[in-house]
Structures are given as structure tokens and as C-alpha cells.
Amino acid sequence: DAKTTQPNSMESNEEEPVHLPCNHSTISGTDYIHWYRQLPSQGPEYVIHGLTSNVNNRMASLAIAEDRKSSTLILHRATLRDAAVYYCILRNSNYQLIWGAGTKLIIKP
Amino acid sequence: DGGITQSPKYLFRKEGQNVTLSCEQNLNHDAMYWYRQDPGQGLRLIYYSQIVNDFQKGDIAEGYSVSREKKESFPLTVTSAQKNPTAFYLCASSISGMGNQPQHFGDGTRLSIL
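Those sequence lines, one after another, are chains H and R.
If you count the first sequence from 1, you need to add 127 to reach the numbering used here.
If you count the second sequence from 1, you need to add 217 to reach the numbering used here.
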């Protein structure tokens, strides 16, 4: 099964952009790239997903490499409320859902 | 508001006891999932259901059982065969199992052993 690799933690300053990387070198053609974030003792919250093209929504942007072996979640202007663990997962129609340990994002005021 | 409700928020199990975790959704979603999360780890899939009266084992189904008698309900039973049940349990749903469908999560149930 395709897996994802993310840094354990990252720090950023408040009101600055944040780029969270994810490597998925064994991704298959039918795998969608999904991002979720999780606060302590809460369920994950959906952030964004994409297949091949870059995607934007009100929460974030997703930049997908041309070979699809990596992607980057972009928070355009981080706030203290964006501090969470961010998960990059691959999802296909066979119900395969591979969750790694995620990246703990620390926002410094 | 539509969403997923998990209950109870905290649950304690005695040795040799089965316990059932509740998961209800009013999103009219066909697919539902149960995950287990251990401290500092990602989620691991226990069971999933694509449609009523159908469910499939995930990666760590041993010691767990589920039923899907109604579209909105997907209870998980942690049996006495599960020797290390202490964990955070999360229920999720999605419109379907297709890869482009995001999952919606409940707020979880934290299970501990007495």
C-alpha cells in the first residue's frame, strides 16, 4: 500500500504562510491526496483534497507535484487556531486509507 | 446541524467485559468507518461499511465487531478478545467510498481499562 511521509513537527510565526510537505513516492494513479487536521482529544477535520491539479478552498491550498510523488499544504496566513497535527493521507476507491503520524504544527505568536 | 455523534465520550471496561461504542450520523452518508488512535500515532482502520447490512474488516479488526442494520448507525463492540483496548476510538462517514469523498469525523470515545 502506498504510504506518506511527513516531518514530525514544524514551527511558524503567526500571520505568516506555512508550507507543510508530504512525500508519497509510491502513489498510484487512482489515489487521491487528502489532508486533515486534528486538535487534541478531537476527531480529525477535513482540510482539502486533490488528484492532479492544485486546489484552493477557504481553509488552504494544495500544491501537487507534476509527478504526484509529493504535495504541499499551504496555509496562507497562519493563526494560533491553526496549531494542530496535520495528516496527509492517500485514499482510493478500494477503501484504502493510510494514515501516518502527521506533522505537529506549532504557531508562535 | 448535520454531523456524527459518538457516545459515550469516556468509557471504562472491566477485564473480560464487552463494551459497545455508539456512532450515529444524520448526513445521509452511505459509508461509515471505525478507527483506533493510540497516543502520538495516526489512525488505524478497524472496520468499514459501504452500505447497510454490509461491512468489511480493516487493518486491525481482531477483537472487534460491528453491525450496520440502519444507514445512520454503525456501533462498534470491543470484545474481551481485544487484549489492549485502551485507545481513542473515532467514527467517520463519507457520502460513498470513492477516493474523492472526504470523511467527516465524530469527536471520539476514549476507552480505558479499569
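The beta carbon of each residue, even a glycine, is placed where N, CA and C say it ideally should be.
Fair warning: this is a prediction, and the values are worked out from it, not measured in the lab.
TODO: Would you verify that the beta carbon of residue 146 of chain H is, or is not, closer than 8 Å to some beta carbon of chain R?
DONE: Cβ-Cβ to chain R under 8 Å: no for residue 146 of chain H.
Task: Bounding residues of the beta strand (DSSP E) (the contiguous stretch that carries residue 295 of chain R) - done: From DSSP, the beta strand (DSSP E) with residue 295 of chain R extends over 293-295.
Open item on the list: Let's test the definition: count the other Cβ atoms within 10 Å of the Cβ of residue 155 of chain H and tell me whether it reaches 16, buried, or not, exposed.
Closed with: With fewer than 16 other Cβ atoms inside 10 Å of its own Cβ, residue 155 of chain H counts as exposed.
TODO: Determine, using beta carbons only, whether residue 151 of chain H comes closer than 8 Å to chain R.
DONE: Under the Cβ criterion of 8 Å, residue 151 of chain H is not counted among the residues facing chain R.
- [ ] State yes or no: is the C-beta of residue 159 of chain H within less than 8 Å of the C-beta of residue 317 of chain R?
- [x] Taking 8 Å as the Cβ cut-off, residue 159 of chain H and residue 317 of chain R qualify as a contacting pair.
Task: Counterpart residues of residue 182 of chain H in DSSP-defined beta bridges - done: Bridge partners of residue 182 of chain H: H:189.
Task: Min CB distance residue 200 of chain H to chain R below 8 Å - done: The beta carbon of residue 200 of chain H does not come within 8 Å of any beta carbon belonging to chain R, so the residue lies off that interface.
Task: Cα-Cα separation, residue 185 of chain H to residue 228 of chain R - done: The straight-line gap from Cα to Cα measures roughly 36 Å.
- [ ] Taking C-beta pairs closer than 7 Å, name the residues in chain R that residue 219 of chain H reaches, listed in chain order.
- [x] Residues of chain R passing the Cβ test: 316.
TODO: Pair every Cβ in the stretch 265-275 of chain R with every Cβ in the stretch 244-253 of chain R, then say whether three or more of these pairs are closer than 8 Å.
DONE: The stretch 265-275 of chain R, when compared against the stretch 244-253 of chain R, does touch it at the 8 Å Cβ threshold.
Task: Ordered list of beta strand (DSSP E) runs contained in the stretch 270-322 of chain R, each at least 3 residues - done: Listed in chain order, the complete beta strand (DSSP E) runs (minimum 3 residues) inside the stretch 270-322 of chain R are 271-274, 281-283, 293-295, 304-311.
Open item on the list: Three Cβ pairs or more, each shorter than 8 Å: is that satisfied between the stretch 231-244 of chain R and the stretch 286-295 of chain R?
Closed with: The answer is yes - the stretch 286-295 of chain R touches the stretch 231-244 of chain R, with three or more Cβ pairs under 8 Å.
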